[in-house]
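Worksheet for the structure shown next.
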Amino acid sequence: MKIAILREQAAGERRVAGTPETVRKFAALGAEIAVEAGAGEGAAIADAAYAEAGAIVSDRTATLAGADIVLGVQAPAADTLTGAAPGAWVAAVFNSFGDRARVDGYAAAGLEALAMELMPRITRAQSMDVLSSQSNLSGYKAVLDAAAEYGRAFPMMMTAAGTISAARVFVMGVGVAGLQAIATARRLGAQVSATDVRSATREQILSLGAKPIFVEKVAGIEGEGSGGYATEMTPEYQAAQAELVSGHLAKQDIVITTALIPGRAAPRLISDAQLATMRPGSVVVDLAVEAGGNVEGSVVGDVVERHGVRIVGHRNVPSRVAADASALFARNLYNFLSAFWDKDAGRPVLDAEIGDAIRLTKGGQIVHAKLH
């Protein structure tokens, strides 16, 4: 059983799908590990560290030759995987519903595409959930990016020259990224508030020492939406939330938006008119910018200014914390494959619950139910 860890080819991608830690663990299972030279460079992992852990470090052709499993962060195009074993598994993030041509390419190449972003949010798969591990870091980094653009201090400071007021931070969307953003902003000394359409998140907000901002007169979602995500709300709720948010935004220094709906464009949370009510020098970080954006006027990969408000739309935020993001992503992949490792077969064997959820292609066909 040969596992190949490739150097990422997507522009700006600094993460890597395997680390010396996971190389050792895979080797302990009896697998042969091949790593493409330079794969860990963006995450500050030297080729020598992989070699010391027991991997064979070589060029891409040798790394792929006969590989039974290929590990990646962002799924490579199928035509770049020449030399992998027939029917080889490729475990990576595929953007399954947004890049159908890539999925078609895998079917045509006879490769088995395993989309890690579709890992079901069930208890036994928590340690395999790449979206959660990467979102956690996104929430953390969003606060640091906001602080870098803000130009003022976060905590209240009492000095002989006078008192500096604490920054007011508002987090919109209290999933994994939002909760980490709240916690990070609180650690930096900010005065934090947060909102979500799921009323069950109120207790989570309070537990982190932040103030919950919720629509009271119209019912939201009780508990979690599908897969732990929020779902779209009624027009009545959307109108009530817009009114509530508009009044709150005008008082904020920093806003971080995190709302995503799987398979659909990100919901619009902040309009241009609402931005205009914010004070000059305020900062908005749109973590959903690559999915269409929560903020009107946000630009993918850029920091722009509207009405004196700086709008941050960085691409691939986890890659901005590449070393830790790689360590967590690599552990997710190891936890996934090792959980299904069959000692007799010398390879992982997926069960239906997980396999059907993440398998996009097999035997030259597209097999995922939502892609038909």
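Position 103, counted from 1, in the sequence shown is what full-length UniProt numbering calls 103; the numbers after and before it change by one each time, with no gaps. Ideal placement from N, C-alpha and C gives every residue a C-beta, glycine not left out.
Residues near residue i in its chain [Cβ-Cβ closer than 6 Å; skip 5 each side]
i: residue 172; result: 195, 257 and 269
i: residue 146; result: 254, 283 and 285
i: residue 265; result: 292
i: residue 370; result: none
i: residue 7; result: 36, 38 and 39
i: residue 201; result: 174
i: residue 323; result: 43 and 44
i: residue 294; result: 257, 259, 266, 269, 286 and 288
i: residue 356; result: none
i: residue 143; result: 181, 184 and 185
i: residue 47; result: 37 and 57
Distance CB(residue i)-CB(residue j) smaller than 9 Å
i: residue 411; j: residue 340; result: Here the chain comprises residues numbered 1 to 372, so residue 411 is not present and cannot be evaluated.
i: residue 115; j: residue 350; result: no
i: residue 79; j: residue 366; result: no
i: residue 176; j: residue 139; result: yes
i: residue 271; j: residue 296; result: yes
i: residue 135; j: residue 118; result: no
i: residue 308; j: residue 279; result: yes
i: residue 55; j: residue 27; result: yes
i: residue 156; j: residue 209; result: no
i: residue 274; j: residue 249; result: yes
i: residue 182; j: residue 205; result: yes
i: residue 88; j: residue 69; result: yes
i: residue 20; j: residue 49; result: yes
i: residue 62; j: residue 23; result: no
i: residue 237; j: residue 192; result: no
i: residue 373; j: residue 211; result: Not covered by the structure: residue 373. The range shown for the chain is 1 to 372.
i: residue 164; j: residue 153; result: yes
i: residue 137; j: residue 321; result: yes
i: residue 82; j: residue 64; result: yes
i: residue 131; j: residue 338; result: no
Per-residue burial, residue i [other beta carbons within 10 Å of its own, 16 or more giving buried]
i: residue 124; result: exposed
i: residue 302; result: exposed
i: residue 300; result: exposed
i: residue 389; result: In the structure displayed, the chain extends from 1 to 372; residue 389 sits before or after that span and is not available.
i: residue 129; result: buried
i: residue 126; result: exposed
i: residue 18; result: buried
i: residue 318; result: buried
i: residue 368; result: buried
i: residue 352; result: exposed
i: residue 314; result: buried
i: residue 31; result: buried
i: residue 290; result: buried
i: residue 25; result: buried
i: residue 162; result: exposed
i: residue 112; result: buried
i: residue 345; result: exposed
Residues near residue i in its chain [Cβ-Cβ closer than 7 Å; skip 5 each side]
i: residue 133; result: 328, 329 and 332
i: residue 151; result: 281
i: residue 74; result: 8, 10, 13, 92 and 93
i: residue 98; result: none
Cutoff 8 Å; reference residue i; Cβ partners in own chain excluding five residues on either side
i: residue 364; result: 107, 108 and 110
i: residue 102; result: 75, 77, 78, 94 and 95
i: residue 277; result: 246, 249 and 250
i: residue 100; result: 371
Any non-hydrogen atom of the ligand ADP within 8 Å of residue i CB
i: residue 80; result: As presented, the structure is devoid of all ligands, the ligand ADP included, so that no description of it is given.
*Write down every uninterrupted run of the beta strand (DSSP E) in the stretch 232–279 whose length is 3 residues or greater and which is fully enclosed by it, in chain order.*
254–257
_Closer than 8 Å is the cut-off here; do at least three beta carbon pairs connect the stretch 9–26 with the stretch 34–45?_
yes
*Which residue spans inside the stretch 306–345 form an unbroken beta strand (DSSP E) run of at least 3?*
309–313
_alpha helix (DSSP H) runs contained entirely in the stretch 97–125, provided each spans 4 or more residues_ = 100–109
*What residue ranges within the stretch 46–99 form continuous beta strand (DSSP E) runs of no fewer than 3 residues, ordered along the chain?*
56–58, 69–74 and 89–93
*Can you give, in chain order, each stretch of the alpha helix (DSSP H) that sits fully within the stretch 173–204 and has at least 4 residues?*
176–187
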